[in-house]
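The structure appears right after this line, and notes come after that.
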Amino acid sequence: MDEFYKNRGVVITGGAGFIGSNLAHRLVLAGSHVTIIDAFIPGLGANSFNLEGIREKISLHESDVRDTRKMQELVKGKDFLFNLSGQVSHIDSMTDPVSDMEMNVRAQLSILEACRHSNPDIKIVFTGTRQVYGKPSYLPVDEDHPLRPPDINGINKLAGEQYHLLYNNVFGVRACSLRLTNTYGPRQLIRHARQGFIGWFIRQIVHGDEITIFGDGSQQRDFNYVADVVNALMLAAKEDRANGEVFNLGGEKSISLKDLVELMIRIHGMGSYRCIPFPDDKKKIDIGDYSGNYSKIDKMLGWNPQVKLVDGLEKTIDFYRKNFSSYVT
Numbered sequence: 005m006d007e008f009y010k011n012r013g014v015v016i017t018g019g020a021g022f023i024g025s026n027l028a029h030r031l032v033l034a035g036s037h038v039t040i041i042d043a044f045i046p047g048l049g050a051n052s053f054n055l056e057g058i059r060e061k062i063s064l065h066e067s068d069v070r071d072t073r074k075m076q077e078l079v080k081g082k083d084f085l086f087n088l089s090g091q092v093s094h095i096d097s098m099t100d101p102v103s104d105m106e107m108n109v110r111a112q113l114s115i116l117e118a119c120r121h122s123n124p125d126i127k128i129v130f131t132g133t134r135q136v137y138g139k140p141s142y143l144p145v146d147e148d149h150p151l152r153p154p155d156i157n158g159i160n161k162l163a164g165e166q167y168h169l170l171y172n173n174v175f176g177v178r179a180c181s182l183r184l185t186n187t188y189g190p191r192q193l194i195r196h197a198r199q200g201f202i203g204w205f206i207r208q209i210v211h212g213d214e215i216t217i218f219g220d221g222s223q224q225r226d227f228n229y230v231a232d233v234v235n236a237l238m239l240a241a242k243e244d245r246a247n248g249e250v251f252n253l254g255g256e257k258s259i260s261l262k263d264l265v266e267l268m269i270r271i272h273g274m275g276s277y278r279c280i281p282f283p284d285d286k287k288k289i290d291i292g293d294y295s296g297n298y299s300k301i302d303k304m305l306g307w308n309p310q311v312k313l314v315d316g317l318e319k320t321i322d323f324y325r326k327n328f329s330s331y332v333t
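Numbering-wise, the numbering used here puts 326 at position 322 of the sequence shown, and it's gapless, one number per residue.
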């Protein structure tokens, strides 16, 4: 697949963040001409250290995707746009819903309008979220599951996704969406706990802090190592059969949070944890158990997770042992 991307013009919005930077590293190795657009908004995950090793091989623009005129310039003549910009914190969305709407709805319209008017032939892959399903009625969750987002971030991410499908179906701007589950791996934000628990768990264990689990630890989740997510993004962009479609990603199997933490402690060689009651604000938006059914993307595009959880965690923990200061200061 990498040969397909040689000499292709690629834009990555949010490219200095976790998934975007891992994608950028892969595409640079594949020989793509990579343009990264990132506003470097504090607290949202962009980290210049994520681009170490490829900084001289990419075109980096510190710009807000809501600047449609600038976006029109940057997407012109490009083959693919991987749209990873946005705000992903569920808690932040509930305390500042207007900012979440700006970054997850208005920003998406700005990107889509730039493409429609400046480069309607570009292919866009949007990163959605399993949060749009809310508390599952059945497991594993497939794409036919009812959509009932439990928080403002889920509502706004769903709106952003629907705009991409509309622009595909009505304006002919090819687009699809991947609904991600819990992604983990190198270059993930670990400075605070507002963008997912696994990054925070990794910070706590590497730093030697006691890990705290909300509830009794029996909650089931599935996980994807970031390299598997990058594979899915590249497959979805390459294949026109993905146009106008929504795909779930998912892990090989789900695991309880208690078992996850115990596995991390075994890998690291030390650590401790305790279970504490759910804070009220987090309990109200917790979805309980979740695992995603990824059979649709497997059948249509040939994607399935390749990296086992234990292997991915070993690579991730080793990365932060070596680079901890670059992610916490």
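Where a beta carbon is used, it is the ideal one built from N, C-alpha and C, also for glycine. Values in this document were obtained by computation on a predicted structure and should not be read as measured data.
| In the structure shown, what three-state DSSP assignment does Ala163 receive? | Here the question's residue 163 lines up with position 159 in the sequence shown. In the structure shown, Ala163 sits in a helix (DSSP, three-state: H, G or I).
| query | Can a CB atom of chain D be found closer than 7 Å to the CB of Val32? | reply | The displayed structure is made up of one protein chain only, and chain D is not part of it.
| task | For Phe185, name the three-state secondary structure that DSSP assigns. | result | Position 181 of the sequence shown holds residue 185. First, the residue type needs correcting, since residue 185 is Thr and not Phe in the sequence shown. If DSSP states are grouped into helix, strand and coil, Thr185 belongs with coil.
| said: So, for Leu33: in the same chain, excluding its five sequence neighbours on each side, which residues have a beta-carbon less than 8 Å away from its beta-carbon? | reply: By one-based count along the sequence shown, residue 33 stands at place 29. Cβ within range, chain order: Asp6.
| Considering Phe323, what are the terminal residues of the alpha helix (DSSP H) in which it resides? | Indexing the sequence shown from 1 puts residue 323 at position 319. Note, Phe323: alpha helix (DSSP H), 313 to 327.
| task | In angstroms with no decimal places, state the Cα-to-Cα distance between Tyr167 and His121. | result | In the sequence shown, residue 167 corresponds to position 163, counting from 1. In the sequence shown, residue 121 corresponds to position 117, counting from 1. Approximately 15 Å, taken between the alpha carbons.
| query | Where does the unbroken beta strand (DSSP E) through Arg278 begin, and where does it stop? | reply | In the sequence shown, residue 278 corresponds to position 274, counting from 1. Run containing Arg278: 277 to 280, per the beta strand (DSSP E) assignment.
| Terminal residues of the beta strand (DSSP E) in which Ser63 lies | By 1-based counting over the sequence shown, the position of residue 63 is 59. Residues 62 to 65.
| query | Ends of the beta strand (DSSP E) at Leu85? | reply | Working through the sequence shown from its first residue, we reach residue 85 at position 81. DSSP places Leu85 inside the beta strand (DSSP E), whose first and last residues are 84 to 87.
| query | Which residues bound the alpha helix (DSSP H) around Val145? | reply | In the sequence shown, counting from the first residue as 1, residue 145 sits at position 141. Element bounds for Val145: n/a, residue is neither H nor E.
| field | Contacting residues, own chain, Cβ-Cβ under 6 Å from His37 (five flanking each side not counted) | value | Here residue 37 refers to the residue found at position 33 when the sequence shown is read from its first residue. Around His37: Gly13.
| task | With DSSP as the reference, label Arg245 as helix, strand or coil. | result | The residue labelled residue 245 in the question sits at position 241 within the sequence shown. In this structure, Arg245 counts as helix in the three-state DSSP scheme.
| query | Taking C-alpha atoms, which residue in Asn228, His196, Leu305 lies nearest to Gly47? | reply | In the sequence shown, residue 47 corresponds to position 43, counting from 1. The candidate whose alpha carbon is nearest that of Gly47 is His196.
| request: Pick helix, strand or coil for Phe130, following the three-state DSSP scheme. | output: As a first step, residue 130 is located in the sequence shown; it is residue number 126 there, counting from the start. DSSP places Phe130 in strand when its eight states are reduced to three.
| field | Simplified DSSP state of Thr216, which is helix, strand or coil | value | For the purposes of this step, residue 216 is identified with residue 212 of the sequence shown, where counting begins at 1. Thr216: strand per DSSP, three-state reduction.
| task | Please name the residue or residues paired with Ala179 in a DSSP beta bridge. | result | Within the sequence shown, the letter at position 175 stands for residue 179. Beta-bridge partners assigned by DSSP to Ala179: Ile128.
| task | Provide the residue(s) that pair with Ser2 in DSSP beta bridges, ordered along the chain. | result | Absent from the structure is residue 2, since the part of the chain shown begins at 5 and ends at 333.
| Is Tyr298 helix, strand or coil by DSSP? | Residue mapping note: residue 298 aligns to position 294 of the sequence shown, counting from 1. Note: Tyr298 maps to coil in three-state DSSP.
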